[in-house]
Every structure is written in C-alpha cells, then in structure tokens.
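Notes follow the structure.
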C-alpha cells in the first residue's frame with residue numbers, strides 16, 4: 020500500500036476570547052476598596068436603569084436577568100429571598116485573605132442595593 024500524501028489541514032482561525040466582565044469575581048476580590056466601591060456603584064446604576072425601564076419585560080424577569088448575567092461573569096449567585104416586590108441574591112467567597120460576599124437586593128419598583136462584604140467591613144451602593 021503506497022503511503023498517503025501528507026495533507027495537513029490549515030489551522031482553524033482562532034476566535035478572540037471575549038474580554039472578561041468588569042464585574043467578574045476577580046475584580047471584586049483583587050480590587051482596592053475604592054475600586055470595589057466603584058464596581059458597586061456602577062452595578063447599582065445599571066440595575067436601577069433597567070428597573071426604571073421595564074418596556075417589554077417584568078420586574079421579576081429583570082432581576083433574574085441581572086443575576087444570570089452576573090452568573091455568566093463567574094458569580095455563583097443564589098436567590099435566598101423572593102417575593103412579589105423583593106429579590107435578594109448572594110454569593111460567598113472563601114479566600115485566603117478572608118470571607119467575602121456579594122449581595123444584591125432588588126425592591127419593586129426600582130430600589131437597588133449592591134453590597135460587598137469582607138472581614139474588614141462592607142461597601143454598599145443604593146439607588147431609590
């Protein structure tokens with residue numbers, strides 16, 4: 020049997036990997052207190068804006084979508100309290116530097132609270 024010709028396939032084009040989310044867990048865990056405060060403020064602004072314009076969606080769906088997007092960024096958020104006018108989501112990180120948690124509280128119609136807790140204290144951003 021004659022040897023097969025050596026045909027190499029051209030390499031598949033590499034898809035650029037998406038940029039990491041600015042709200043990824045590492046941004047909170049490695050950030051300075053000022054950077055974490057800014058993350059909480061930005062996240063509260065985004066959530067408040069979404070709750071302020073519910074065109075084509077519901078308040079409940081908007082809160083769940085926000086949590087799902089943060090899950091996609093790497094946060095293992097769990098809903099631990101939900102009612103017709105309240106959603107609370109939390110994840111906890113056990114790190115060599117201590118215990119950290121991210122808490123999101125959404126109250127209808129547009130109230131948002133984003134809190135980052137560490138062994139050293141808490142940083143919160145609130146929107147009415």
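Numbering (the numbering used here), first residue to last: 20 to 147.
Ideal placement from N, C-alpha and C gives every residue a C-beta, glycine not left out.
Asked	Found
Residue 25 versus residue 32: straight-line alpha-carbon distance, rounded	21 Å
Inter-residue Cα distance where the pair is residue 79 and residue 116	35 Å
Start and end residues, beta strand (DSSP E) containing residue 102	97 to 102
For residue 63 and residue 145, believed in contact at Cβ under 8 Å, the rounded distance	7 Å
Terminal residues of the alpha helix (DSSP H) in which residue 62 lies	52 to 71
Cα-Cα separation, residue 59 to residue 37	22 Å
Residue 81, buried or exposed, once every other Cβ within 10 Å from all chains shown has been counted against 16	buried
Check: residue 41 C-beta below 7 Å from any heavy atom of the ligand MG	This structure lacks the ligand MG; in fact it carries no ligand of any kind.
Which residues DSSP lists as bridging residue 36, in chain order	Per DSSP, none; premise fails for residue 36.
Enclosing alpha helix (DSSP H) for residue 91 [first to last residue]	78 to 91
Residue interval of the beta strand (DSSP E) (run including residue 127)	Segment: none, residue 127 is in no beta strand (DSSP E) and carries neither H nor E.
Residue(s) in a DSSP beta bridge with residue 110	121
Segment limits, alpha helix (DSSP H) that includes residue 46	44 to 49
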